[in-house]
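Numbering (this note's numbering), first residue to last: 102 to 988.
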Amino acid sequence: MRLLTLDSFSKREEPRSKDVGKVDDLEVEKVGKLQEETEGYVKPKPIAQDRRPRSLDTSILLSVDYDGAEGRAYAKLYCLEDGMVYFWYDNTGHKPYCLTDTSLEDVKRIPEIASHKGLEGLEEVKLYDAVNDEERVMTKIIAKDPLSIGGKPSGSIRDILQPRVWEANIKYHDCYMYDTGIIPCMPYRILDGRLIPVEVDLPREAKAFIDSLEGIGGEERDLIERWMKRLEYPVPRMKHLVLDIEVASPYPSRIPDPRKAEYPIVAVALVDSEGSKRILLLEMHGKPREDLSIDGVSVEFYRDEKLLVEEVFKAIDRYPIVVSFNGDDFDLRYLFHRAEHLGFQRSDIPITLSRDSASVRFGIHLDLYKFFFNRSIQVYAFRSRYYENTLEGVASALLGVGKISLDKPISDLSYRELAEYCLRDAELTYGLLSYGGWLTFNLMVILSRITGTTLEDLCRQGVSGWIRNMLEREHRARGWIIPRREDLLKVKGGATTKAVIEGKKYRGGHVIKPEPGVHFQIAVLDFQSMYPSAMQRYNLSYETVRCRHEECRSNIIPGTAHWVCRSRRGVTSLLIGSLKDIRVRWYKSKAKDKSLPSNLRDWYSTVSESLKVLINASYGVFGAENFAFYCPPVAEATAAIGRYAIEETIKEARRLGLRVIYGDTDSLFIEKPDPEKIVRLAQWVKSNLLMDIDVDKVYRYAVFSVRKKNYIGVYEDGSVDVKGLTGKKRNTPEFLKIAFAEMTKLLGQVTNEREFEDVKRKIKDLVRRYYSKLKKKELTLEELAFKIMLGKPVEAYKKTTPQHLKAALLLKSIGREVDVGDIISYVKVAGKIGVKPIELASIEEVDIAKYVDHLRTTFQPILEALDIDFNEAIGLSQLDFYGFSFA
DNA sequence: GCGGACTGCTTACCT
DNA sequence: ACAGGTAAGCAGTCCGCG
Numbered sequence: 102m103r104l105l106t107l108d109s110f111s112k113r114e115e116p117r118s119k120d121v122g123k124v125d126d127l128e129v130e131k132v133g134k135l136q137e138e139t140e141g142y143v144k145p146k147p148i149a150q151d152r153r154p155r156s157l158d159t160s161i162l163l164s165v166d167y168d169g170a171e172g173r174a175y176a177k178l179y180c181l182e183d184g185m186v187y188f189w190y191d192n193t194g195h196k197p198y199c200l201t202d203t204s205l206e207d208v209k210r211i212p213e214i215a216s217h218k219g220l221e222g223l224e225e226v227k228l229y230d231a232v233n234d235e236e237r238v239m240t241k242i243i244a245k246d247p248l249s250i251g252g253k254p255s256g257s258i259r260d261i262l263q264p265r266v267w268e269a270n271i272k273y274h275d276c277y278m279y280d281t282g283i284i285p286c287m288p289y290r291i292l293d294g295r296l297i298p299v300e301v302d303l304p305r306e307a308k309a310f311i312d313s314l315e316g317i318g319g320e321e322r323d324l325i326e327r328w329m330k331r332l333e334y335p336v337p338r339m340k341h342l343v344l345d346i347e348v349a350s351p352y353p354s355r356i357p358d359p360r361k362a363e364y365p366i367v368a369v370a371l372v373d374s375e376g377s378k379r380i381l382l383l384e385m386h387g388k389p390r391e392d393l394s395i396d397g398v399s400v401e402f403y404r405d406e407k408l409l410v411e412e413v414f415k416a417i418d419r420y421p422i423v424v425s426f427n428g429d430d431f432d433l434r435y436l437f438h439r440a441e442h443l444g445f446q447r448s449d450i451p452i453t454l455s456r457d458s459a460s461v462r463f464g465i466h467l468d469l470y471k472f473f474f475n476r477s478i479q480v481y482a483f484r485s486r487y488y489e490n491t492l493e494g495v496a497s498a499l500l501g502v503g504k505i506s507l508d509k510p511i512s513d514l515s516y517r518e519l520a521e522y523c524l525r526d527a528e529l530t531y532g533l534l535s536y537g538g539w540l541t542f543n544l545m546v547i548l549s550r551i552t553g554t555t556l557e558d559l560c561r562q563g564v565s566g567w568i569r570n571m572l573e574r575e576h577r578a579r580g581w582i583i584p585r586r587e588d589l590l591k592v593k594g595g596a597t598t599k600a601v602i603e604g605k606k607y608r609g610g611h612v613i614k615p616e617p618g619v620h621f622q623i624a625v626l627d628f629q630s631m632y633p634s635a636m637q638r639y640n641l642s643y644e645t646v647r648c649r650h651e652e653c654r655s656n657i658i659p660g661t662a663h664w665v666c667r668s669r670r671g672v673t674s675l676l677i678g679s680l681k682d683i684r685v686r687w688y689k690s691k692a693k694d695k696s697l698p699s700n701l702r703d704w705y706s707t708v709s710e711s712l713k714v715l716i717n718a719s720y721g722v723f724g725a726e727n728f729a730f731y732c733p734p735v736a737e738a739t740a741a742i743g744r745y746a747i748e749e750t751i752k753e754a755r756r757l758g759l760r761v762i763y764g765d766t767d768s769l770f771i772e773k774p775d776p777e778k779i780v781r782l783a784q785w786v787k788s789n790l791l792m793d794i795d796v797d798k799v800y801r802y803a804v805f806s807v808r809k810k811n812y813i814g815v816y817e818d819g820s821v822d823v824k825g826l827t828g829k830k831r832n833t834p835e836f837l838k839i840a841f842a843e844m845t846k847l848l849g850q851v852t853n854e855r856e857f858e859d860v861k862r863k864i865k866d867l868v869r870r871y872y873s874k875l876k877k878k879e880l881t882l883e884e885l886a887f888k889i890m891l892g893k894p895v896e897a898y899k900k901t902t903p904q905h906l907k908a909a910l911l912l913k914s915i916g917r918e919v920d921v922g923d924i925i926s927y928v929k930v931a932g933k934i935g936v937k938p939i940e941l942a943s944i945e946e947v948d949i950a951k952y953v954d955h956l957r958t959t960f961q962p963i964l965e966a967l968d969i970d971f972n973e974a975i976g977l978s979q980l981d982f983y984g985f986s987f988a
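1) Decide if residue 577 is buried, meaning its Cβ has at least 16 other Cβ atoms within 10 Å, or exposed.
2) Tell me the DSSP secondary structure of residue 325 in three-state form.
3) Buried or exposed for residue 737, please, with buried defined as at least 16 other CB atoms from any protein chain shown within 10 angstroms of its CB.
4) If you follow the beta strand (DSSP E) that residue 208 is in, where does it begin and where does it stop?
5) Quick check on the DSSP output: the beta strand (DSSP E) that includes residue 813 runs from which residue to which?
6) Count the CB pairs spanning the region 316-335 and the region 220-229 that are closer than 8 angstroms, and state whether there are at least three.
7) Tell me the rounded alpha-carbon separation between residue 972 and residue 615.
8) With DSSP collapsed to three states, give me the class of residue 430.
9) With residue 255 and residue 249 assumed to form a contact (beta carbons below 8 angstroms), what rounded beta-carbon distance in angstroms separates them?
10) Is the beta carbon of residue 869 less than 7 angstroms from the beta carbon of residue 975?
11) State the start and end residues of the unbroken alpha helix (DSSP H) segment that holds residue 446.
12) For residue 982, which residues of its own chain have a beta-carbon under 8 angstroms away from its beta-carbon, when the five flanking residues on both sides are left out?
13) Count the other CB atoms within 10 Å of the CB of residue 698; is the residue buried (16 or more) or exposed (fewer)?
14) Pull up the distance between the alpha-carbon of residue 587 and that of residue 886, whole angstroms please.
15) From residue 430 to residue 265, what distance separates their C-alpha atoms?
16) In angstroms with no decimal places, state the Cα-to-Cα distance between residue 274 and residue 456.
17) Note the first and the last residue of the continuous beta strand (DSSP E) segment covering residue 244.
18) Can you give me the C-alpha to C-alpha distance between residue 815 and residue 478, rounded to a whole angstrom?
19) Using alpha carbons as the reference points, say which of 462, 422 and 360 lies closest to residue 175.
20) Under the rule that 16 or more other beta-carbon atoms within 10 Å means buried, what is residue 970, buried or exposed?
21) Going by DSSP, what residue range makes up the beta strand (DSSP E) through residue 802?
22) Ignoring anything shorter than 3 residues, give me the beta strand (DSSP E) runs that lie fully in the region 263-311, in order along the chain.
23) So the candidates are 723, 628, 864 and 910; which of them puts its Cα closest to the Cα of residue 960?
24) Could you tell me which uninterrupted beta strand (DSSP E) segments, each at least 3 residues in length, are contained entirely in the region 823-900, listed from first to last along the chain?
25) Below 8 angstroms, can you find three or more Cβ-Cβ pairs linking the region 607-614 to the region 751-767?
26) What's the C-alpha gap between residue 506 and residue 464?
27) So the alpha helix (DSSP H) residue 785 belongs to, where does it begin and stop?
28) Where DSSP assigns a beta bridge to residue 347, which residues make up the other side?
29) Should the region 818-837 be called in touch with the region 778-794, which here means at least 3 C-beta pairs below 8 angstroms?
30) Ignore the nearest five residues each way along the sequence and tell me which others in residue 417's own chain have a CB closer than 6 angstroms to its CB.
31) On a Cα-Cα basis, can you pick out the residue from 595, 903 and 482 that is closest to residue 734?
32) Considering residue 623, what are the terminal residues of the beta strand (DSSP E) in which it resides?
33) Mind checking residue 361: buried by the 16 CB within 10 Å criterion, or exposed?
34) On the DSSP bridge assignment, give the partners of residue 220 in chain order.
35) Have a look at residue 848 and residue 755 and give me their C-alpha separation to the nearest angstrom.
36) Based on the DSSP secondary-structure assignment, which residues constitute the bridge partners of residue 941?
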């Protein structure tokens, strides 16, 4: 009976070229057995059967879906024992529902409801309304199926009840998970037909840690235990299949339309986590089959596209996790529609499409494109190491390997070229998932467990979706009504402060004007997680800010017209606070613990980074209009507490005699600090503001100009931080970046004030050298290019025509496709338009004067601080010209 | 009709 | 579609100037 585990499939024959017929026979036989194995209540096929329930070993919950034919929810479970996916159908009788504040009797009298075909029943429920701080009796309208609640073009229950309807927009699979309390990516068993969580026992050390927590309430302690159980349970290795397809389009730069699927699928790469690599090629007319062998790869030719696609479908059916890069919008969508054209029955296509996702029938489909494009993931998890949203961009930045570049359309490639190209894409995608000891996948699993979002949704939603899920689940668990956005906005109102930037909703962080010049011995003090701490310590949450109690109105948040509740603990304050506490007190410190083996440290560090993603986003979402719990006063109060904290801390620092030379939002730069005074300041902050500050870094010296958010800091070891300066921006021409880097290297060598004179001379030489390079045009177009990302489609620029757009338009005029997210490389040239893409320019036409201006502005902030005059620096080139070289 | 002062748009950065 | 604050360069407009 083990025959059908994925293991047996992965141990397939040696890589070889093989013929269609053979492959086909083999697979038909296996699929037949798959069906046989699947009998019973628990089954890997959504077929209605009512057999005696059987038990299932420890399995990981992958997702929950609704089976329309069965009329109930089912869970997809990945059995750790045999590596197969099983379906468990709900037998608790859970049904979709929504709420109304109309009484049960009155609801009965609404004829469209009473006679609604989808109505299952009505029920009176007592729930807590946190917005208004009162218990309410609501009527639960239970439906036979999710579509009856909402989603039909007309006649849905929620449309009939409008506007007196609550919780009608929650996806049913989420609703099911909230109510049953089941958590994706956690282990379950099936006993006596019931889905039962596997009890997770915390390691002794972890229990001791929880017991040792001081100054933490019981509620928060319970939460910490809950999080830790989800985080300490290991991430099991699950089997993945990466899939990538190539389509023979006659247009080289145009992506074929997956809805039309008019061109044949000529290659499919299948790379799995067990080491198997297959490439399926379509034999094309007039192109005889080659005897292809690629090391470690099974190359398979197909005479018939239908058979090729069939083979791909069989592979999809065999894996619990199917992975793609942009499969939602392309690969799976194309496969689906192509299969339709090729005459497949719907039931033989293992893919289901919805508006912006594609899913597979047995396992789950993860689209890495959306996950890597997620800003929070980009910034916090991968530290902005990539910034393009393409496979090429992400892979070459993280893996150091890019796509194979093509100079002709797919249809002109030889079989070998095509095979290698397609395989590379799949390998890169696999590499992104398994990268750094499965960092990406671990990250997803951790976020999934904490927020209760399935991996499939996690990939596709943003951080506001994740946090919404976490909060909604918490509401259901507590018996709270999930507030409606419009009620929140109406009751809590908008912002009361004025933003510095026109058009923003409220005032944000405070930036202190730097003291220009060179400053030695700088300690940089940082508030630890300032905004999350503010939310935790000041009890910020949508229901506590501007609460209903008269007696709380005097509890004013400084700098605002808002107050905060004294009597109830805010739910976001509690959730964010507990996540922050376990991160700082357990995972972050474990990640730094050198006595632990490195793989364990990596795990702790991954958990720590995942928590950071959630914690850091927790403030911003409340100011985001699309967030389900959008509440401007919460975001505004958070930022206001931050400003209050830093301003009061500066005052106290000055009282203590500390010299504050710069600060931004949650940081303070202090010159030549007395360590004792720093300790006193930290104590003051702790007892007066209930927050933590510590010395985040120490600079041997730092260089400031008058500009905020622009400085250079040199560490004790000579390494250099460059912040905000033009010389390190990614759109700055390479030669300026190189020149600037040369300068920072010089600055890194300075250890005391005396050495500055020498370095100042060297910097002048450097500037003059690059000036002369420019004058002599000893630079390539590549080095001179500005590389600017096209922020929107070409047609969307209505108000102005920026230079990178002009260059893009020139590219378009010679037939090159340009798209959102493309990086346009152009140089500044003489003439009316003033710019040319580097593909069309020559070095002779480059406008040198413009580049001298850029040389000036790149160096200006630093020269200013060092009291060097740019003109004087390059003026030396005149002397140089006449032979008075200092070199 | 030309150029400087100004505003607004755009991108990339900082926290 | 997590937030606001800052810098820089350019596009486009207004306004004064015989």
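Built from N, CA and C at the ideal position, the CB exists for glycine as well. Here the structure is a predicted model, which is why all the values come from computation and not from measurement.
From the atom records:
1) buried
2) helix
3) With 16 or more neighbouring CB atoms inside 10 Å of its own CB, residue 737 falls in the buried class.
4) Premise fails: residue 208 lies in the alpha helix (DSSP H), 205-209, not in any beta strand (DSSP E).
5) Residue 813 -> beta strand (DSSP E) spans 812-816.
6) By the Cβ rule, the region 316-335 does not count as touching the region 220-229, because fewer than three pairs are nearer than 8 angstroms.
7) 25 angstroms
8) Under the three-state reduction of DSSP output, residue 430 falls in the helix class.
9) Going by Cβ atoms, the distance from residue 255 to residue 249 rounds to 12 angstroms, so no, they are not a contact pair.
10) In contact: residue 869 and residue 975 (Cβ atoms closer than 7 angstroms).
11) Careful: residue 446 lies outside any alpha helix (DSSP H) and carries neither H nor E.
12) Residue placement at residue 982 is flagged as unreliable, the pLDDT there being 39, under the threshold of 50; a coordinate-derived value is accordingly withheld.
13) exposed
14) Going from the Cα of residue 587 to the Cα of residue 886 covers about 49 angstroms.
15) 36 angstroms
16) 17 angstroms
17) In the DSSP assignment, residue 244 falls within the unbroken beta strand (DSSP E) covering 235-244.
18) 29 angstroms
19) Nearest option by C-alpha distance: 462.
20) exposed
21) 794-805
22) 288-292 and 295-298
23) 864
24) 887-890
25) yes
26) 32 angstroms
27) 776-790
28) 368
29) no
30) 423, 451 and 461
31) 595
32) 618-628
33) exposed
34) 244
35) 30 angstroms
36) Residue 941 pairs with nothing; no bridge assigned.
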